[in-house]
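Here's the structure we're looking at; comments come further down.
Protein chains in written order, with my numbering: chain V, 315 to 768; chain Z, 315 to 768.
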């Protein structure tokens, strides 16, 4: 029974080289999270649809992967339900579980279910795949990893400060030069308020968000199109086109927002963050960007986004403050702030800029050529000795032509090869070949190990 | 909208402490796999049902989690299909994807799809969750991790030898004393052959497999019940009750199996494995156990299983040789041999025997008490300096009562706390409190770091 083999569209296999690079990314992020006292959790891939549905809007509900109930699910449907053939409505009768869509909703569910074991503030990180039935396209997958860190149960802005330090540390370790953009939802609300269009806050930020791409004239046209008054648009100009240092920008904004309590609160928050970051000292620039909007319906305070400076690529990290993480699960008033590193995009940036350290993609270091049973018996304890020294070592399993074994070593980029035949056995030594230089030496086992560890 | 929160039955959340322990297990296994030249791959959680169906028997097909198609799946069903209400048959019309059931079938699929990029023999390891719609019970989950290593494309018995060395190394690192049991499918076939019951090989091994649990008399009764002749049962007795060293057992078996070519091949293979392992030297005992059967329809050569010696627990690792991994995907003749560590059971054994190293569950090492904005400003560069030395450090984000901050440190088992108020700022020092001894010292930043790193 022969079958055509394939994998579902939008999913990927990861080869050993890809895995090594991905592990380098995840390990670096994990290490930094841990350095800041964040603790790892994992939640199941499967969540109840009750947990998942209604959290990501109508569009999100459609993009959830739903898992068919086991057993005789068909017998539970009425004739009417079947005749109606309403796929969307039937889904919730055929399925009670789904694959997680992000890590935030499962985290909120986790906090509610485990609150009595948790020490608040709870600093958790989570690196796991998520699934979305999106139309697959270049750079967009149906199964992909998210790398989130969130602090829940603390209103302190020090959390925002630390998340910015984490971003700075992670990208410094990756050697990716970045610009960190920060804004505050309260400033945006204040702006809408003082120009007299408080109820159009979403329209305004959607338009402003496009400044980089479409320019000021088109932004203004779009503002007009959604019904913002000419007076309000005029008032918006100095805000949209704001220039200068972060300190200068904040001063200007504070003047504009003088009549808005919310707006001034946003300015004050942002000032605190900049001030503390100055004390800590960042390697990368952080910039107040009033055109930064990000999912407004969700965030309530600081919002941030990270761009790579040396290669064109969308946002590679983002996050912000949300004031009611667990309200949907019946526990209101628990504030959170979080970031999410975009692993797939960081992967591409590291590839484009050729920034993977050699050490991160290393594999087997030493291969023993197989000359037959007697020679293998001789080599066994030597192989063992090399491994005891931490040297990743293989012995070619089959006695095949030397050429084939050597091409295996080359294909796997193995830097050292041991040859041990009658002569070496008689002398109780091995011949070590350096695959880069081609140089061969007859050595004792100790000297061989020393040379490889050099 | 308040909702009751729960997770699907048979799934689990992993807390920070559980994650630390699980990471210790996975990291140890990964490190040893890499030491032996195995390379990591990952495959998607979602596979096509074409890949998954028919690989695990009828029972397995039922236990696959199937994912409902997106879009208007109902419009594609005929009236007849709906009226029939056949849940099993409709599943393959409603779904074209499923969650992987193990790591072996996805690996076989991977090998076939990526053969032209692979260097054979291909030594791969894979640590990922799998899903089974089994009835959940103690120790059996619907979502659990497997940790597999397989070598494909080599018939050499050196692969079996290396897998035994890997098992030995892993459990030595865990400090779990184990007994490695080994058998060979060809020996079992030979036995069935020489007692004249070749076609009853499955029944025989199923019965023999129970010797430990039900004793020799009940095994014989079961053999009778499945129609094995008295003469054959008599012939089986010395084999079932075989005692002595591995060498002695093999000699006896070789005599019994003198007329079976297959049987003698199995003896020869097992001798080779024991001989090479003697050269390499194992820390744990390896024992020939003719009552070891394991999924016979699958394996074709050596089979092995690992038991913990110091606590009662089923098999904690197992594996074997299978001669046709990829035949089902149209590529016959590719032999493989593999092992799988049972992470959940190893987790329990390490817990029961209290063998987790302290280092593996360590979290934050240093907490700065928050006395307010001015003090925080003073602390920021000191916190940064500690982190630069690799010390996992937190600063309590909110200015709350000292007692609350201290109880946070206690709850998180943080060993050192820094207090820095007016006095310390004036002296440009910090007070370091050792939470274990209660001792407090006023130190320079350098001395503080030195003391923590001691």
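The beta carbon of each residue, even a glycine, is placed where N, CA and C say it ideally should be.
For residue i and residue j, what's the separation of their Cα atoms in angstroms?
i: residue 316 of chain V; j: residue 643 of chain Z; result: Reliability of the predicted coordinates at residue 316 of chain V is poor, the pLDDT of 48 falling under 50, and the value obtained from them is presented with this limitation in mind. Rounded to the nearest angstrom, the two C-alpha atoms are 5 Å apart.
i: residue 484 of chain V; j: residue 558 of chain V; result: 27 Å
i: residue 814 of chain Z; j: residue 532 of chain Z; result: This structure does not reach residue 814 of chain Z, given that chain Z is present from 315 up to 768, and the question cannot be answered.
i: residue 446 of chain Z; j: residue 413 of chain Z; result: 8 Å
i: residue 593 of chain V; j: residue 694 of chain Z; result: 6 Å
i: residue 647 of chain V; j: residue 423 of chain V; result: 15 Å
i: residue 726 of chain V; j: residue 353 of chain Z; result: 10 Å
i: residue 348 of chain V; j: residue 677 of chain Z; result: 7 Å
i: residue 325 of chain Z; j: residue 451 of chain V; result: 32 Å
i: residue 428 of chain Z; j: residue 460 of chain V; result: 26 Å
i: residue 346 of chain V; j: residue 749 of chain V; result: 36 Å
i: residue 683 of chain Z; j: residue 636 of chain V; result: 25 Å
i: residue 323 of chain V; j: residue 444 of chain V; result: 15 Å
i: residue 669 of chain V; j: residue 616 of chain V; result: 31 Å
i: residue 562 of chain Z; j: residue 342 of chain Z; result: 35 Å
i: residue 784 of chain V; j: residue 510 of chain V; result: For residue 784 of chain V there is no data in the structure shown, the boundaries of chain V being 315 and 768.
i: residue 591 of chain V; j: residue 479 of chain V; result: 8 Å
i: residue 514 of chain V; j: residue 540 of chain V; result: 8 Å
i: residue 535 of chain Z; j: residue 524 of chain Z; result: 12 Å
i: residue 606 of chain Z; j: residue 651 of chain V; result: 54 Å
i: residue 395 of chain Z; j: residue 366 of chain Z; result: 23 Å
i: residue 388 of chain Z; j: residue 408 of chain Z; result: 8 Å
i: residue 329 of chain Z; j: residue 364 of chain Z; result: 36 Å
i: residue 502 of chain Z; j: residue 472 of chain Z; result: 21 Å
i: residue 458 of chain Z; j: residue 333 of chain Z; result: 13 Å
i: residue 522 of chain Z; j: residue 495 of chain Z; result: 15 Å
i: residue 476 of chain Z; j: residue 691 of chain V; result: 13 Å
i: residue 481 of chain Z; j: residue 601 of chain Z; result: 14 Å
i: residue 373 of chain V; j: residue 448 of chain V; result: 10 Å
At which residues does the beta strand (DSSP E) containing residue i begin and terminate?
i: residue 772 of chain Z; result: The question about residue 772 of chain Z has no answer, for chain Z in this structure spans 315 to 768.
i: residue 632 of chain V; result: 631-636
i: residue 462 of chain Z; result: 457-466
i: residue 318 of chain V; result: From DSSP, residue 318 of chain V is part of no beta strand (DSSP E); its letter is neither H nor E.
i: residue 498 of chain Z; result: 492-498
i: residue 614 of chain Z; result: Here residue 614 of chain Z belongs to no beta strand (DSSP E), and DSSP marks it neither H nor E.
i: residue 431 of chain V; result: Looking at the DSSP string, residue 431 of chain V is not in any beta strand (DSSP E), and its letter there is neither H nor E.
Quick check on the DSSP output: the alpha helix (DSSP H) that includes residue i runs from which residue to which?
i: residue 382 of chain Z; result: It is not in any alpha helix (DSSP H) - residue 382 of chain Z instead sits in the beta strand (DSSP E) that spans 380-382.
i: residue 439 of chain V; result: Run containing residue 439 of chain V: none in the alpha helix (DSSP H); it sits in the beta strand (DSSP E), 436-445.
i: residue 699 of chain V; result: 687-702
i: residue 761 of chain Z; result: 759-767
i: residue 717 of chain V; result: 716-725
i: residue 577 of chain Z; result: 575-594
i: residue 731 of chain V; result: First-last for residue 731 of chain V: 730-733, but that is the beta strand (DSSP E), not the alpha helix (DSSP H).
i: residue 682 of chain V; result: From DSSP, residue 682 of chain V is part of no alpha helix (DSSP H) but of the beta strand (DSSP E) over 680-682.
Using the beta-carbon count (16 or more within 10 Å), is residue i buried or exposed?
i: residue 649 of chain V; result: buried
i: residue 537 of chain V; result: buried
i: residue 281 of chain Z; result: Any answer about residue 281 of chain Z is impossible in this case: the structure gives chain Z only from 315 up to 768.
i: residue 400 of chain Z; result: exposed
i: residue 320 of chain Z; result: exposed
i: residue 383 of chain Z; result: buried
i: residue 765 of chain Z; result: exposed
i: residue 614 of chain V; result: buried
i: residue 570 of chain V; result: buried
i: residue 527 of chain Z; result: exposed
Is there at least one non-hydrogen atom of the ligand SAH closer than 7 Å to the beta-carbon of residue i?
i: residue 576 of chain Z; result: This structure lacks the ligand SAH; in fact it carries no ligand of any kind.
Segments of 4+ residues assigned as alpha helix (DSSP H) that fall wholly inside the region 526-573 of chain Z: Within the region 526-573 of chain Z, complete alpha helix (DSSP H) segments of at least 4 residues are found at 544-554, 560-570, given in chain order.
Selection of the region 349-375 of chain V by Cβ proximity to chain Z, strictly under 8 Å: 349, 350, 351, 353, 354, 355, 356, 357, 358, 359, 360, 361, 362, 364, 365, 368
Members of the region 709-727 of chain V that neighbour chain Z once the beta carbon cut-off is set at 7 Å: Contact annotation: in the region 709-727 of chain V, residues whose CB is within less than 7 Å of a CB in chain Z are 709, 711, 712, 722, 725, 726.
Contact list for the region 724-751 of chain Z against chain V, Cβ threshold 8 Å: Those would be 725, 726, in chain order.
Within 9 Å of chain Z by C-beta, residues of the region 466-490 of chain V in sequence order: Listed in sequence order: 468, 469, 470, 471, 472, 473, 475, 476, 479, 483.
Where the region 671-701 of chain V meets chain A: residues whose CB sits under 7 Å from a CB there: The question asks about chain A, but that chain is absent: this structure's protein chains are V and Z.
Any alpha helix (DSSP H) of 4 or more consecutive residues that is wholly inside the region 338-389 of chain V: 363-366, 371-377
Contact list for the region 557-585 of chain V against chain Z, Cβ threshold 8 Å: none
Chain-ordered residues of the region 317-346 of chain V with a beta carbon less than 7 Å from chain Z: 317, 319, 320, 321, 322, 325, 326, 327, 328, 329, 330, 333
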